Amino acid sequence: MTTDIPTLEIPNEPHFRRFMEHYEEDPNRILLQDKLHTIKASFNQFIRDVYATCQELLGNGVSSMMDGKNTIEEESPYICIQSALTYDYAVAAFAALAIGKAIVPLNPNILPEESLHFLLRCKSTILLTPLENLNLGHEIQKYAASRGHGIHVVPIQIQSHHAVKAIFDDNNIIPPSRPSLVLFTSGSTGPPKGVVHSRRVFDWYIPNLPGVALVHGNTQWISGACSIIWNIFNGCSQEIVRTDVNVFWERLREGGVNYMAGSPRVWVAMMRYFQQHLDHLPTNQRDKYITGVQNLHTGLTSGSSTPLSHLRFWRDLGRPLTIAYGGTETVSATGTDEETNPDLENCIGRPFPDVDMKLAKGDHAISMTRSQQDKPLPRMGILKLVMLPVSRAMIMCIVEEPLQIVSLLTHTLIENRSNLTVQVFKYYIWFIPVVELELKLGEVQGVLEGYIIPVPDEQCNHRAAALVRLMPADDDNPQQRFNLQYLRSQLSNKVPTYMLPTALRVVGSGETVPKTPFSDKVIRKKAAEKYFPVADGAIYPDEVEVWREDPFTMEEKKPWGWAGLA
6 MTTDIPTLEI PNEPHFRRFM EHYEEDPNRI LLQDKLHTIK ASFNQFIRDV
56 YATCQELLGN GVSSMMDGKN TIEEESPYIC IQSALTYDYA VAAFAALAIG
106 KAIVPLNPNI LPEESLHFLL RCKSTILLTP LENLNLGHEI QKYAASRGHG
156 IHVVPIQIQS HHAVKAIFDD NNIIPPSRPS LVLFTSGSTG PPKGVVHSRR
206 VFDWYIPNLP GVALVHGNTQ WISGACSIIW NIFNGCSQEI VRTDVNVFWE
256 RLREGGVNYM AGSPRVWVAM MRYFQQHLDH LPTNQRDKYI TGVQNLHTGL
306 TSGSSTPLSH LRFWRDLGRP LTIAYGGTET VSATGTDEET NPDLENCIGR
356 PFPDVDMKLA KGDHAISMTR SQQDKPLPRM GILKLVMLPV SRAMIMCIVE
406 EPLQIVSLLT HTLIENRSNL TVQVFKYYIW FIPVVELELK LGEVQGVLEG
456 YIIPVPDEQC NHRAAALVRL MPADDDNPQQ RFNLQYLRSQ LSNKVPTYML
506 PTALRVVGSG ETVPKTPFSD KVIRKKAAEK YFPVADGAIY PDEVEVWRED
556 PFTMEEKKPW GWAGLA
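Next comes the structure, spelled out in C-alpha cells:
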C-alpha cells in the first residue's frame, strides 16, 4: 500500500517559476542557513516547512477566505508576520505569498498596542509568529480581545519531517497588480504610514552565483523584508547572521561569500574594525580578510548617503561598494556600478532596469534612462521617481538647491507646502521634522533661544542636536541642572522618543548663532560646523553632550515612541 505524498502547489508567477527551476535542479542543495538558530535547510526542507505553515494558515481562518483556485480573495489579502529576520520569517513569507496573500512584516519587539494597530490598519485577523515568540502572540491576542477584536495567532512551522513535493500549477495565475507586501515607514509625524506593493515587487532577478549571500537586519525595512525573499526566488544560497562587524569579518575570512549588503553605518563600522583590529595583523593573517572582501561579487550599501572617504577605503581594499538609492515607496530605483566615476560626489548612478526617472521643473523635464552616462544632477526643481513594473509609487518633492535633489534619495528631504518649508532629516530609520521639534524645544523651561540642528553622524545618519541659549539663572531657572537628560525628560511627553534630541550644546554669553542678515533665520549648516564639528569616528567636542544609547536595544518603551518600528 502506497501513501500519496502531499503537494505544495506553486503559483504561476515569474519569481515562483524561477524558484521551481532551481528546486527541480537539485532539491537537496542547501538553500538557507540560519546561524542564529543553527538551522540548515535544503530546498526540500524549506518546501516541507512552507507546506506545514500553509496548512496551519488554512486551519486558522484563512480557508474561509479562499476562492476556487486556492488563492486569497481580494477583500482580505493581508497576513502579519511578527518575526525577526530568521528562517522562520522566510518560511512564513513564502507560505503567505504561495497562497496569494500579502505579507506585513512587524518588528517582534513592538508593544501589543502597536501590533494591534497594524493588524487593524491592514484589516488582518492573522498573526504569524515563530514558536519561540508564541507567548508574545498570545499577549497581542489577549490585548486585542480586551478591545473587542479577534485575531488568530498562527505558529510558523519549521523542521517538519513529512515528505512534501512542490509542483508548478500553470492554471494558478495571480494578477500581478494584487498586493504582496506592506511596509510601514515612519514618515515625519504620527504613527507609521503603510506602503502597499504589488506582486511585481518580488519579480527581481538576482544572478545565482557560487557561494552564499550574507543576510542580516530587520524585517520591517525594505532591505530585510525583501532581500531574503528575492534570494530564495532566485535560488541563491544564504546565511543569516547576527549584525555584528566581528561576525561579518570572520565569515568573510572563511571565504565563499559572494554578496553582502548593509547600511552605510554597517560598512563604516566594518571599516573602523578593520583599521583598529585587523590592519596590524601579520600579513598572512590580514590577507585572508582582504581576500574575503575582494571575492565578494557585490558589496551593497543603501539607506543613506556614504561619504567619498569611506567609499575610497573599500575601493582601495579591492571591493568597490555598489550604492543603491530608493525608498520604502520605490524599493531600489538607481544604483552605481563598476563604470561609475568613484570620485564623483553626489552621484546616484543609473536607473535600474524598468525604472524611468525624470528630473523636472514645470513642463520641462529631463529623462534619465539606464543607457545614460553617470553625471551630476542638473539644476532642476522637482524630482520624480517612477517605478514602472515593480511599483506604481511616485515621489515628487520641491527642492531649493541642486544638492538637495540628491538629498531626497538619501533621505534628507525638503518638502514645500504652500509657503511653509519643512525640513526633515533621517535618524536611523526615522524622519524628524525640524520645525516641529524646534517649536517644542522653545517651550522647555529655561530655554531663551533654541534651535534644532541636523548633524551628520556615521552611526545614525543624523543627530537631532539642540543648540540652546539659556535664560539668566534664578530659582526658577537653575542653569546647572540643564543637561541633555533634563532636556529629553522635558520633551518626552511632547514628542515621540525617536524625535528627542541626542546632542546638546549650550551657547555661552559671548557666543553667537549664525543667522541670515535680514530674516534673522538660523543658518543650520554653519551652526553645525561651528558648534557640532565631528571628528573622524563620531568624536564631538567636549562642550557637546551626546546621547549614545542604541534605540534598538532600549528596554523601556512607550506606545509609538519609536513609531512602531522598534
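For the sequence shown, my numbering gives the first residue as 6, with consecutive numbering after it.
No residue lacks a Cβ here, since even glycine has one placed at the ideal position from N, Cα and C.
This structure is a prediction, so every number in the text was calculated from the model and none was measured.
Indicate whether P506 and L489 have their beta-carbon atoms separated by less than 9 Å.
By the CB criterion at 9 Å, P506 and L489 fall inside the cutoff.
Any contact of the region 297-317 with the region 158-169, i.e. 3+ C-beta pairs under 8 Å?
No contact exists between the region 297-317 and the region 158-169.
Would DSSP call S165 helix, strand or coil?
When secondary structure is reduced to three states using DSSP, S165 falls in the coil class, being assigned neither helix nor strand.
Just the Cα atoms here: how many angstroms apart are P181 and V187?
Those two C-alpha atoms are separated by around 15 Å.
Between the CA atoms of R291 and D284 - distance to the nearest angstrom:
Going by C-alpha positions, D284 is about 6 Å away from R291.
Would you give the residue range spanned by the alpha helix (DSSP H) that E259 belongs to?
Run containing E259: 250-259, per the alpha helix (DSSP H) assignment.
Would you call A533 buried or exposed, if buried means 16 or more other Cβ atoms sit within 10 Å of its Cβ?
With 16 or more other Cβ atoms from the protein chains shown falling within 10 Å of its own Cβ, A533 counts as buried.
Quick one: what's got a C-beta closer than 6 Å to G240's C-beta in the same chain, skipping five residues either side?
Hits under 6 Å: H27, N213.
Is the CB of L492 under 9 Å away from at least one CB in chain D?
No chain D appears in this structure, which consists of one protein chain only.
What's the C-alpha gap between K231 and V220?
Checking the sequence shown, residue 231 turns out to be Cys, not Lys. Roughly 11 Å separates the two Cα atoms.
Compute the beta-carbon to beta-carbon distance between Q38 and E259, rounded to the nearest angstrom, for a pair I have assumed lies under 8 Å.
Beta-carbon to beta-carbon, Q38 and E259 are separated by about 13 Å, too far to satisfy the 8 Å threshold.
Spatial distance of E18 from R126 (CA atoms)
Looking at the backbone, the Cα of E18 and that of R126 are separated by about 28 Å.
In whole angstroms, what separates the C-alpha of T374 from that of P356?
With a pLDDT of 42 at T374, under the threshold of 50, the modelled position of that residue is not reliable, and the figure given next carries that caveat. If you take the alpha carbons of T374 and P356, they lie about 6 Å apart.
The beta strand (DSSP E) with E244 in it runs from where to where?
Its beta strand (DSSP E) spans residues 243-245.
Based on Cα-Cα distance, which residue from E334, V201, I528, Y294 lies nearest to W319?
The candidate whose alpha carbon is nearest that of W319 is Y294.
What did DSSP end up calling T190 once you bin it into helix, strand or coil?
Of the three classes helix, strand and coil, the one that applies to T190 here is strand, per DSSP.
Can you tell me which of the three DSSP states F430 falls into?
In the three-state DSSP reduction, F430 falls in the strand class (E or B).
CA-CA distance, D9 and M275?
Their backbone Cα atoms lie some 51 Å apart in a straight line.
Measuring only the C-alpha atoms, how far is V200 from V336?
Each residue's Cα considered, the two are about 11 Å apart.
Taking one C-beta from the region 114-133 and one from the region 141-148 each time, how about it: are there three or more such pairs within less than 8 Å?
The region 114-133 vs the region 141-148: in contact.
Buried or exposed: which applies to N236, given that a residue is buried once 16 or more other Cβ atoms fall within 10 Å of its Cβ?
With at least 16 other beta carbons inside 10 angstroms of its own, N236 counts as buried.
Would Y264 and V298 be called neighbours here (beta carbons separated by less than 9 Å)?
No, they are not a contact pair.
Taking 7 Å as the limit between beta carbons, can you name the residues of its chain near A100, skipping five residues before and five after?
Within the same chain, A100 has close Cβ partners V55, T58, C59, L62.
Quick check: the Cα distance between E443 and G331, rounded to an integer number of angstroms?
Straight-line spacing of the CA atoms in E443 and G331 works out to 28 Å.
Enumerate, from N- to C-terminal direction, the unbroken alpha helix (DSSP H) stretches of 4 or more residues contained entirely within the region 470-554.
Runs of the alpha helix (DSSP H) lying entirely within the region 470-554 and spanning at least 4 residues, in chain order: 489-496, 529-536.
Buried versus exposed, by CB contacts within 10 Å (16 or more), D462:
Buried, by the Cβ-count rule.
Taking buried to mean at least 16 other C-beta atoms within 10 Å of its own C-beta, is E516 buried or exposed?
Burial check for E516: the Cβ neighbour count within 10 Å stays below 16, so the residue is exposed.
Residue(s) in a DSSP beta bridge with D39:
In DSSP, D39 forms a bridge with I44, I245.
C-beta contact flag for V439 and Q428 at 9 Å:
It is a contact, given that the beta carbons lie within the stated cut-off.
Taking the CB atoms as reference points, tell me whether E550 and L509 lie closer together than 9 Å.
Going by C-beta atoms, E550 is nearer than 9 Å to L509.
Along the alpha helix (DSSP H) that carries P117, what are the first and last residues, could you check?
Where P117 is concerned, the enclosing alpha helix (DSSP H) stretches over 117-126.
Is the beta carbon of V512 closer than 9 Å to that of L492?
For the pair L492 and V512, the CB atoms are not nearer than the 9 Å cut-off.
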